[in-house]
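Asks:
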Amino acid sequence: MILRTRECNMYRTYEKIDFDKIDNSKKEHWLKIFPRGEVYIEKYDRTENINDAFMNSMIEAFNDEKLSKPKMDNDHEFGVSYADILELQKRDDGLYGRILLNDLGYEAIKNRHYSYISPAFGERTGTDKTVYPNSLSAISLVNYPALEGSIGDVQSQIKLSKGEIMNLEQKLEMLNAKVSEIEKVQLSKDGKAVDNTIVKETFELAKEAIGKVSELEKLNKDVNDKLLSKETELNASKTELSKIKEDELKKEAESVVKQAIEDGQFHPALNDMKIKAYILDKNTVIDELKVIPKVEKKGQQTFSGAGIKTLSKDEIAIAESLGLKTDDPKVIEAIKKSEIKSEDK
Numbered sequence: 085m086i087l088r089t090r091e092c093n094m095y096r097t098y099e100k101i102d103f104d105k106i107d108n109s110k111k112e113h114w115l116k117i118f119p120r121g122e123v124y125i126e127k128y129d130r131t132e133n134i135n136d137a138f139m140n141s142m143i144e145a146f147n148d149e150k151l152s153k154p155k156m157d158n159d160h161e162f163g164v165s166y167a168d169i170l171e172l173q174k175r176d177d178g179l180y181g182r183i184l185l186n187d188l189g190y191e192a193i194k195n196r197h198y199s200y201i202s203p204a205f206g207e208r209t210g211t212d213k214t215v216y217p218n219s220l221s222a223i224s225l226v227n228y229p230a231l232e233g234s235i236g237d238v239q240s241q242i243k244l245s246k247g248e249i250m251n252l253e254q255k256l257e258m259l260n261a262k263v264s265e266i267e268k269v270q271l272s273k274d275g276k277a278v279d280n281t282i283v284k285e286t287f288e289l290a291k292e293a294i295g296k297v298s299e300l301e302k303l304n305k306d307v308n309d310k311l312l313s314k315e316t317e318l319n320a321s322k323t324e325l326s327k328i329k330e331d332e333l334k335k336e337a338e339s340v341v342k343q344a345i346e347d348g349q350f351h352p353a354l355n356d357m358k359i360k361a362y363i364l365d366k367n368t369v370i371d372e373l374k375v376i377p378k379v380e381k382k383g384q385q386t387f388s389g390a391g392i393k394t395l396s397k398d399e400i401a402i403a404e405s406l407g408l409k410t411d412d413p414k415v416i417e418a419i420k421k422s423e424i425k426s427e428d429k
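For the working numbering, add 84 to where a residue sits in the sequence shown, where the first one is 1.
(1) State buried or exposed for M139, treating a residue as buried only when at least 16 other CB atoms are found within 10 Å of its CB.
(2) Since K342 and I363 are thought to touch, with beta carbons under 8 Å apart, how far apart are those beta carbons, to the nearest angstrom?
(3) Taking the Cβ atom as the reference point for each residue, do V415 and A401 lie within a distance shorter than 9 Å?
(4) What three-state label does DSSP hand P203 in the structure shown?
(5) I need the straight-line Cα distance from I143 to F205, nearest angstrom please.
(6) Quick one: what does DSSP say I376 is sitting in, helix, strand or coil?
(7) So, is L170 buried or exposed, given that buried needs 16 or more other C-beta atoms within 10 angstroms?
(8) Evaluate the contact criterion for the stretch 286-297 versus the stretch 310-329: three or more CB pairs, one atom per stretch, below 8 Å.
(9) Beta strand (DSSP E) containing S221: first to last residue?
(10) Using a Cβ-Cβ cut-off of 7 Å (strictly less than) and excluding sequence neighbours within five positions of A418, which residues of its own chain qualify?
(11) Assuming G348 and K374 make a contact with CB atoms under 8 Å, what is their CB distance in whole Å?
(12) Alpha carbon to alpha carbon, how far is P352 from T410?
(13) Between which residues of its own chain and K174 is the CB-CB distance below 6 Å, once the five residues before and five after are set aside?
(14) How about S221 and D159: do their beta carbons lie closer than 9 Å?
(15) Among the residues of its own chain, which have a CB less than 8 Å from the CB of K150, if the five just before and after it don't count?
(16) For I134 and G178, what's the separation of their Cα atoms in angstroms?
(17) To the nearest angstrom, how far is it from the Cα of H219 to the Cα of I328?
(18) My assumption, with CB atoms under 8 Å, is that I370 sits in contact with A337. Please give the rounded CB distance.
(19) Use the C-beta contact count for I117: other C-beta atoms within 10 angstroms, 16 or more gives buried, fewer gives exposed.
(20) For R196, is the classification buried or exposed, using 16 other Cβ atoms within 10 angstroms of its Cβ as the cut-off for buried?
(21) If you draw a straight line from the alpha carbon of E112 to that of K314, how long is it in whole angstroms?
(22) From N186 to K302, what does the alpha carbon distance come to, in whole angstroms?
(23) Excluding the 5 residues preceding and the 5 following L188 in the sequence, name in chain order all residues of the same chain whose CB lies nearer than 8 Å to its CB.
(24) Using the Cβ count rule (16 or more neighbours within 10 Å means buried), how would you classify I376?
(25) Out of curiosity, what's the CA-to-CA distance linking L300 and V340?
(26) Figure out for me which residue from D309, N308, M258, A320 has the closest Cα to the Cα of A290.
(27) Which one or two residues does DSSP pair with R182 in a beta bridge?
(28) How long is the line joining the alpha carbons of D331 and E207, rounded to whole angstroms?
(29) Could you spell out where the beta strand (DSSP E) holding N158 opens and where it closes?
(30) Roughly how many angstroms lie between the CA atoms of E202 and S298, to the nearest whole one?
(31) Where does T209 sit, in a helix, a strand or coil, going by DSSP?
(32) Residues in the same chain with beta-carbon distance under 8 Å from Y198, minus the five sequence neighbours each way, listed in chain order, please.
(33) How many angstroms separate the CA atom of A320 from the CA atom of D356?
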């Protein structure tokens, strides 16, 4: 059985739907996804062994919540869902999947719109960057399995590099040259005309293949352009969200520092510096405020800038003679209170 491949190591095989075993009155079914045994992957000229190790690794990837769950679609479009895939199970003859058809899938199976199921699988990476070498991406309902080296028409599944395109074009030129040579030599040894119909047909098939490959490349570019556009939109949204968070943090910093100044914990001159410090490391500023005492509300002298009392020259001289700090609010308050008591006497 030949598997279809794509550049990101995504492969496809197929199994014919056995309608005789399907109860049309139910929407939940077990379907064989992979046959046990060796299958040949034409593009990479290699054989994949569908054995216990392969099936166990696929079940492990399916059960891991860090990967999105595959769905059943049609013709490998990775679009509209026909069924949920509920469970994978290893059996003697291969890997089975328990599916739950939705209305669309139920009608498709009931009315036999499709003849085969064709799973896509390959290497995928989880949200924690764990690499799963064998992960089921989807199960497709199809009528024409991707077999015998046929070139597919699903735009997002085949991605050919420019080097591969050039290589195919070079092969086409070589075929063209050979056809020309054969056309020149029309006679065989016995003098009969040479029938080069097969060669010409091969040439035409190769030419058609090149055209399909070029078309796929264009379709693939369109998909990549759309993905890039979505990525740009996502980055713009992330930038906008980051700006909103920065604005909220700045408002929070301004509010906290303002309150600290009103409580006499910070000097007004430190306003801008403390706001910047809060934005850089809010926890450090919060811890700092926990150890700086607030000025008592009763008779409080804050750094708000309004109603701050100052000492006269005589009062400054007295304070200095006593070894007191003349810019200490408590010292200023004590001297002013002592003056009031003296005046009362």
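Idealized CB from N, CA, C, for every residue including glycine.
Replies: Checking against the coordinates, here is how it stands:
(1) buried
(2) With a Cβ gap of about 14 Å, K342 and I363 do not count as contacting.
(3) Cβ distance not < 9 Å, so V415 and A401 don't count as in contact.
(4) For P203, the secondary structure class from DSSP, reduced to helix, strand or coil, is strand.
(5) 12 Å
(6) coil
(7) exposed
(8) no
(9) 215-226
(10) none
(11) About 15 Å; that fails the 8 Å criterion.
(12) Their backbone Cα atoms lie some 18 Å apart in a straight line.
(13) M139
(14) no
(15) Here the set comprises G210, T211, D212, T214.
(16) Whole-angstrom Cα-Cα distance: 8 Å.
(17) Note on identity: in this sequence residue 219 is Ser, with His being the wrong assignment. Looking at the two C-alpha atoms, the distance is approximately 39 Å.
(18) A337 and I370 do not touch by the CB rule: their CB atoms are close to 11 Å apart, not below 8 Å.
(19) Taking all protein chains in view, the Cβ of I117 is crowded by 16 or more other Cβ atoms within 10 Å, so the residue is classified as buried.
(20) exposed
(21) 35 Å
(22) 34 Å
(23) V164, S165, Y166
(24) exposed
(25) Looking at the two C-alpha atoms, the distance is approximately 60 Å.
(26) M258
(27) W114, E171
(28) 42 Å
(29) From DSSP, the beta strand (DSSP E) with N158 extends over 155-158.
(30) In the sequence as presented, Glu is not what sits at residue 202; that position holds Ser. Cα-Cα distance, rounded: 25 Å.
(31) strand
(32) Apart from the 5 residues on each side of it in sequence, Y198 sits with its Cβ closer than 8 Å to the Cβ of I101, N158, A192, L225, V226, N227 in its chain, given in chain order.
(33) 30 Å
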